[in-house]
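There are 2 protein chains.
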Amino acid sequence: MTGTERDTALHADVDRPSRREQILQAAAQLFAERGSRAVGVDDVGAAVGVTGPAIYRHFAGKDAMLAEMLLRISERLLAGGSERVTAAGADPVAQLRALIDFQVEFALENPALITVHDRDLGSLADADAAQVRRLQRRYVEVWVAVLARLHPTSDPAACRARAHAVFGLINSTPHSAGQLDRPAMAALLTGMAEAAATVC
Amino acid sequence: MTGTERDTALHADVDRPSRREQILQAAAQLFAERGSRAVGVDDVGAAVGVTGPAIYRHFAGKDAMLAEMLLRISERLLAGGSERVTAAGADPVAQLRALIDFQVEFALENPALITVHDRDLGSLADADAAQVRRLQRRYVEVWVAVLARLHPTSDPAACRARAHAVFGLINSTPHSAGQLDRPAMAALLTGMAEAAATVC
DNA sequence: GCTGCAGGTTAACCGCGGTTCACTACGGAG
DNA sequence: CTCCGTAGTGAACCGCGGTTAACCTGCAGC
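Top to bottom, those sequences are chains A and B. In this text, residue positions in the first sequence follow numbering that gives the first Met the number 0: the first is 0, and each later residue adds one. In this text, residue positions in the second sequence follow numbering that gives the first Met the number 0: the first is 0, and each later residue adds one.
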């Protein structure tokens, strides 16, 4: 434990990112573009200016990289979502708005992570995949709790399907990259998501 | 050219599907579950009761299988979408409803194809990928034309982003599989999509 | 100034999976 | 009956890519 080491699981040192963080970020970008299976260890290395095997100084293997990437994403979503919803007070409309703002913000800020998150879950070892799915499920339940109060007559299954549909809507950002500038995109998605989440 | 041969590019013989069709369908299922790169030729063969190399009697290779799969999907979407929108008359509201019904129907009927369609596009050879993207673009433009009449003040880029968001919403079905029965799911998605497409 | 470790490098290893090959079984046409 | 094209099999080939090994380098601390 040196003095400069951080809790790499949660906050990346954005000023002068450690090699480890550089690798994770570059890998996320490449994985998003081509899919994790199509990206070689050498590619990831080259993207940060080292050779392939150098990766093994920082990660146990390619799988471990992907696992940490997906776990972090799921954790950030769950933590951020929970935080925002409690900060929004007791009004379910305000809570929904807070969740939508958060998800839109995250999707616009990290399109690559969004892409990898639901494309490459299947390439994970069973244990890691289960862990990620657990976190995802908890995040979904945060949404479901809010949606259930907005739609008292809907059963939980319907709320869950509704939540997934709103995710799909917001997470479409990687598909419409460069169409609109960020504020316009955020406004459009927020409006659409609120309408979709509220209708009926 | 024997007398029993059909135009395999567009209509599958659903009664007694040819081996070729069986393979494509099984491959779509497997690709959707694990991703095309993670599925071996032997797996696809086994799924239709045949060894791996037998595939090469029907396809030039694994890539050709995926290419045909994605091309067919894109063609079906474009053809179906165009057809429905002309059948809906001149009213843009009716046209939108027709497009949404079509997309919902397709997504609920073919969740595996939906998944493969936007997950494995990157594993295609450049020429095939370009062809698929061309078809996708034309399908998007069908939507954009309708959305533009509903939102006269929006520029085309905003309509395109809106179309992608609606696709994301509807194509979320693979993520909420088994939550609701088909009619309930269709009603929910249709309502949400209309709200999202119309708002503002 | 040695020592040691963190971080790299190049070369080699090796298993997996797509593809090819040589051969077989069979059903229909002449 | 023979011939031939279609569909399938098991074995072999081979290249790619993840991983490991052995060796280098520079800087921190005694």
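Cβ coordinates follow ideal geometry from the N, Cα and C atoms, glycine included.
Going along chain B in order, which residues have a C-beta closer than 7 Å to the C-beta of Val198 (chain A)?
As a working mapping, residue 198 (chain A) is identified with position 199 in the first sequence. Correct list: Gly190, Met191, Ala194.
For Ala37 (chain B), go through chain A and note every residue whose CB falls closer than 9 Å to its CB, in chain order.
Translated into the one-based positions of the second sequence, residue 37 (chain B) becomes position 38. Those are Arg36, Gly121, Ser122, listed as they occur along chain A.
Are Ile72 (chain B) and Val47 (chain B) close, meaning C-beta to C-beta below 7 Å?
Counted from its first residue, the second sequence places residue 72 (chain B) at position 73. Counted from its first residue, the second sequence places residue 47 (chain B) at position 48. Their beta carbons are not under 7 Å apart, which means Ile72 (chain B) does not touch Val47 (chain B) by this criterion.
Same chain only: Cβ atoms within 8 Å of Val103 (chain A), ignoring 5 sequence neighbours per side
Here the question's residue 103 (chain A) lines up with position 104 in the first sequence. Once the five neighbours on either side are set aside, the close Cβ partners of Val103 (chain A) are Ile169, Ala185, Leu188, Thr189, Ala192.
Compare the C-beta of His210 (chain B) against all C-beta atoms of chain A and say whether one is closer than 7 Å.
Because residue 210 (chain B) is not part of the residues shown, which for chain B are 0 to 199, the question remains open.
Val145 (chain B) - containing alpha helix (DSSP H), residue span
The residue given as residue 145 (chain B) occupies position 146 in the second sequence. First-last of the alpha helix (DSSP H) with Val145 (chain B): 125-149.
So, using beta-carbon positions, are Gln130 (chain B) and Ala156 (chain A) closer together than 7 Å?
Residue 130 (chain B) sits at position 131 when you count from the first residue of the second sequence. Residue 156 (chain A) sits at position 157 when you count from the first residue of the first sequence. The answer is no: Cβ separation not under 7 Å.
What would DSSP say about Gly60 (chain B), mapped onto helix, strand or coil?
Counted from its first residue, the second sequence places residue 60 (chain B) at position 61. Of the three classes helix, strand and coil, the one that applies to Gly60 (chain B) here is coil, per DSSP.
C-alpha distance - Ala124 (chain B) paired with Gln135 (chain B), whole-angstrom precision:
Within the second sequence, residue 124 (chain B) is the residue found at index 125, counting from 1. Within the second sequence, residue 135 (chain B) is the residue found at index 136, counting from 1. In a straight line, the C-alpha of Ala124 (chain B) is about 16 Å away from that of Gln135 (chain B).
Among B:Ala26, B:Phe30, B:Ala25, B:Gly121, which residue has its Cα nearest to the Cα of Gly121 (chain A)?
Numbered from 1 along the first sequence, position 122 holds the residue referred to as residue 121 (chain A). Among B:Ala26, B:Phe30, B:Ala25, B:Gly121, the Cα nearest to that of Gly121 (chain A) is on B:Phe30.
Exposed or buried, which one is Asp117 (chain B) when buried takes at least 16 other CB atoms within 10 Å?
Here residue 117 (chain B) corresponds to residue number 118 of the second sequence, with the count starting at 1. When all chains shown are included, Asp117 (chain B) counts as buried.
Should Cys158 (chain B) be labelled buried (16 or more other beta-carbon atoms within 10 Å of its own) or exposed?
As a working mapping, residue 158 (chain B) is identified with position 159 in the second sequence. Result: buried.
Residue range of the alpha helix (DSSP H) that Pro155 (chain B) falls in?
By 1-based counting over the second sequence, the position of residue 155 (chain B) is 156. Run containing Pro155 (chain B): 155-169, per the alpha helix (DSSP H) assignment.
Ser153 (chain A) versus Ala183 (chain B) - alpha carbon distance:
Residue mapping note: residue 153 (chain A) aligns to position 154 of the first sequence, counting from 1. Residue mapping note: residue 183 (chain B) aligns to position 184 of the second sequence, counting from 1. Whole-angstrom Cα-Cα distance: 11 Å.
Considering only the alpha carbon of each residue, which of B:His150, B:Ala86, B:Ala25 lies closest to Leu98 (chain B)?
Taking the second sequence and counting its residues from 1, one reaches residue 98 (chain B) at position 99. Selected option, being the one with the closest Cα: B:Ala86.
Taking buried to mean at least 16 other C-beta atoms within 10 Å of its own C-beta, is Gly88 (chain B) buried or exposed?
Residue 88 (chain B) sits at position 89 when you count from the first residue of the second sequence. Result: exposed.
What in chain B is Cβ-close to His163 (chain A), meaning under 7 Å?
In the first sequence, the residue the question calls residue 163 (chain A) occupies position 164. Simply Ser171, His174, Ser175.
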